[in-house]
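Undergrad:
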Amino acid sequence: MDKVLKVINILLLSIVGMLLLIGVMMLVQGSRIDLGKVADWWAGLSAVATAGTFAIALIALKKAPNWFKQKRNETGFNHTLSLMSEYDEVEHDIQRLFFDIINARRDAPHFNPLRDEIITIVYRIIALQSKLQSCKRWKIEASPEVENAFSRLKEFCNLSLKVFADERGRDIDALHESQQALTALKSTIAEDSKSFKTEIEEIFKFPK
Numbered sequence: 001m002d003k004v005l006k007v008i009n010i011l012l013l014s015i016v017g018m019l020l021l022i023g024v025m026m027l028v029q030g031s032r033i034d035l036g037k038v039a040d041w042w043a044g045l046s047a048v049a050t051a052g053t054f055a056i057a058l059i060a061l062k063k064a065p066n067w068f069k070q071k072r073n074e075t076g077f078n079h080t081l082s083l084m085s086e087y088d089e090v091e092h093d094i095q096r097l098f099f100d101i102i103n104a105r106r107d108a109p110h111f112n113p114l115r116d117e118i119i120t121i122v123y124r125i126i127a128l129q130s131k132l133q134s135c136k137r138w139k140i141e142a143s144p145e146v147e148n149a150f151s152r153l154k155e156f157c158n159l160s161l162k163v164f165a166d167e168r169g170r171d172i173d174a175l176h177e178s179q180q181a182l183t184a185l186k187s188t189i190a191e192d193s194k195s196f197k198t199e200i201e202e203i204f205k206f207p208k
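Residues in the sequence shown are numbered from 1 upward in steps of one, following the working numbering.
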């Protein structure tokens, strides 16, 4: 589209130049100017303008599909950047809350607020998974690792809620088992996050 704009500018400058030339001729020659010649100049100018307009239309028609494709690809690319940025935020919150979850006690004042925060993160992950699926809108394919990593975020929250349930019921054996599973999952999620610290093109397959 930049080339089209350049062509348009050149044609417009040419037309303006011809008009200025006619104007100068009229000022210099005054009443002696041949109106027939002016008409000829104007006819030539009109022909150039018509041809220029037609050429611009052809160029724009030819370039339009590429322009739309480029804009679509740009929008899809920005979508994946936003998606992974949100993933980083959720992963950070999970790592931040881990020790509070592991050490949660049912009689602690922050027990219920902490549980509510985990539920809020669950909704964020659901929105994140939906956003991942919408990559298909731009013909973008996510690697299986991305889908698995997003699923592990949700699994972390489910295990966290189980830790709260086991602590509330004082089921010590179940609580210990849940805590161990959560600790192992936390490490896996940290590895997921580390593997995504790379070029976005290595995480998603973009259309060419």
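Even for Gly, the Cβ is constructed at its ideal location relative to N, Cα and C.
These numbers were taken from a predicted model, which means no experiment stands behind them.
1. Return helix, strand or coil for Glu-254, following the three-state DSSP convention.
2. Considering only C-alpha positions, which residue in the set Phe-77, Lys-69 and Lys-71 is nearest to Ala-142?
3. Please confirm whether Phe-150 and Leu-185 have their CB atoms less than 8 Å apart.
4. If distances are taken between C-alpha atoms only, which option among Phe-98, Arg-72, Asn-148 and Ile-200 comes closest to Ile-211?
5. Report yes if the CB atom of Phe-156 is closer than 8 Å to the CB atom of Leu-182, and no otherwise.
6. Starting from Arg-152, follow the alpha helix (DSSP H) in both directions and report where the run begins and ends.
7. In this structure, what does DSSP give as the bridge partners for Phe-204?
8. Mark Arg-106 as exposed unless 16 or more other C-beta atoms lie within 10 angstroms of its C-beta, in which case mark it buried.
9. As a quick exercise: from Leu-83, Leu-159, Ile-102 and Lys-136, pick the residue whose alpha carbon is nearest that of Arg-124.
10. Using the Cα positions of Tyr-87 and Arg-170, report the straight-line distance between them to the nearest angstrom.
11. Out of Pro-144, Arg-115 and His-92, which one is the CA nearest neighbour of Ser-160?
12. Going by C-alpha to C-alpha distance, which of Asn-158, Lys-194, Arg-152 and Lys-139 sits closest to Phe-204?
13. Rounded C-beta distance between Leu-175 and Asp-166? I'm assuming under 8 Å.
14. Identify, in the order they occur along the chain, each residue of the same chain with its Cβ nearer than 7 Å to the Cβ of Ile-119, setting aside the five sequence neighbours on each side.
15. The alpha helix (DSSP H) spanning Lys-186 covers which residue range?
TA: A quick look at the data gives this:
1. Nothing in the structure corresponds to residue 254, since the chain is present only between 1 and 208.
2. Counting from 1 along the sequence shown, the entry for residue 142 is found at position 142. For Ala-142, the nearest C-alpha among the options comes from Phe-77.
3. Working through the sequence shown from its first residue, we reach residue 150 at position 150. Working through the sequence shown from its first residue, we reach residue 185 at position 185. No, the pair does not count as a contact, with Cβ atoms beyond the cut-off.
4. Coverage of the chain is limited to positions 1 through 208, which leaves residue 211 absent and any answer about it impossible.
5. The residue you call residue 156 lines up with position 156 of the sequence shown. The residue you call residue 182 lines up with position 182 of the sequence shown. Yes, Cβ-Cβ distance for Phe-156 and Leu-182 is below 8 Å.
6. Here residue 152 refers to the residue found at position 152 when the sequence shown is read from its first residue. It spans 144 to 169 - the alpha helix (DSSP H) in which Arg-152 sits, taken as one unbroken run.
7. Position 204 of the sequence shown, counted from the start, is the residue given in the question as residue 204. Answer by DSSP bridge pairing, in chain order: Ala-142.
8. Here residue 106 refers to the residue found at position 106 when the sequence shown is read from its first residue. Exposed, since its Cβ has fewer than 16 Cβ neighbours within 10 Å.
9. Here the question's residue 124 lines up with position 124 in the sequence shown. For Arg-124, the closest alpha carbon among the candidates Leu-83, Leu-159, Ile-102 and Lys-136 is that of Leu-83.
10. Here residue 87 refers to the residue found at position 87 when the sequence shown is read from its first residue. Here residue 170 refers to the residue found at position 170 when the sequence shown is read from its first residue. Approximately 33 Å between the Cα atoms of the pair.
11. The residue given as residue 160 occupies position 160 in the sequence shown. Answer by Cα proximity: Arg-115.
12. The residue labelled residue 204 in the question sits at position 204 within the sequence shown. Of the candidates Asn-158, Lys-194, Arg-152 and Lys-139, the one whose C-alpha sits nearest the C-alpha of Phe-204 is Lys-139.
13. Walking along the sequence shown from the start, residue 175 turns up at place 175. Walking along the sequence shown from the start, residue 166 turns up at place 166. About 4 Å; that satisfies the 8 Å criterion.
14. As a working note, residue 119 is residue 119 in the sequence shown. Excluding residues within five positions, none has a Cβ falling inside 7 Å.
15. Counting from 1 along the sequence shown, the entry for residue 186 is found at position 186. Taken as a continuous stretch (DSSP letters only), the alpha helix (DSSP H) holding Lys-186 covers 172 to 195.
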